[in-house]
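Visitor: Residue 88 in UniProt numbering is what sits at position 88 of the first sequence, and the numbering runs on without skipping anything.
What follows is a structure written as C-alpha cells; I'll ask about it next.
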Amino acid sequence: MPAYWLMKSEPDVFSFQVLKSRGKKGEAWDGVRNFQARNNMKAMQLGDLAFFYHSNEGKEVVGIMEVVKLAHPDPKDDTGTWKCVDMRAVEELPRPVTLVEIKDNPKLAKMVLVNNSRLSVQPVTAAEWAEVCRMAGTSGAAKKPAKKK
DNA sequence: GCCAACGTTGGC
DNA sequence: GCCAACGTTGGC
C-alpha cells in the first residue's frame, strides 16, 4: 500500500507545470533544507503518491505526483547532509483545492498543512488523501491501476 | 509588505 | 544541554 505525501513549492521557483514538462523521468526535488522534511523524503517508497501544493501564489493543491527515485544526495548540496527524491507528474487536478477550502473542511482539520504550514514535505493520511481527491474531482491516481488503454 | 510561527545556531 | 537570538517561511 502506497503512502501519501504533500510537497510544496513556490510556483515562481518550481511549478507543477514545469514538473509536468519533465515527463515520466520526473525531476529531483532538491533544495529542501529542513530535517523533518528530509526524513519524510527518506521514508518515501517508489510509487508513493504526493500532492503538489503551490505556496504563496495560489495556495492550492494543483496536482498529483509519484516518487520515481528514492532519496539520494541533493546535487546542490556539498555537505552531504541533504537528500532529495525524484518526482514525476501524474495528474493535474481537474479542480485545484485551495487552502481556504481545506481549512473549511472539518475532515481535514488535522492535516499538517493546516497545523504546520511551514513544513515543506509532509505526510498525508489515506482518509485525507481521499477527501482532497474528492474535492478536486478526481478518483486519485492510486485507485485506478485497472485503467489501461 | 508585515508579522507570527517555527527551526537552527551559537554562547554559556 | 539549555535557551536566547536570529533567519526564513508563508499566510494574510
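Don't be surprised by glycine CBs; every beta carbon is placed ideally from N, CA and C.
Predicted model only: the values in this text are computed from it and were never measured.
#1: Quick check on DSSP: helix, strand or coil for residue 94?
#2: Look at the Cβ atom of residue 99, then the Cβ atom of residue 57, and state whether they are nearer than 9 Å.
#3: Taking all protein chains shown into account, do 16 or more other C-beta atoms lie within 10 angstroms of the C-beta of residue 66, making it buried, or fewer, making it exposed?
#4: For a minimum of 3 consecutive residues, which ranges assigned as the beta strand (DSSP E) are wholly contained in the segment 56-129?
#5: Indicate the three-state DSSP secondary structure (helix, strand or coil) for residue 35 in the structure shown.
#6: Since residue 20 and residue 92 should fall inside the 8 Å C-beta cutoff, what is the C-beta to C-beta distance between them, to a whole number of angstroms?
Guide: Taking the structure as given:
#1: strand
#2: no
#3: buried
#4: 60-73, 83-98 and 121-124
#5: helix
#6: 7 Å
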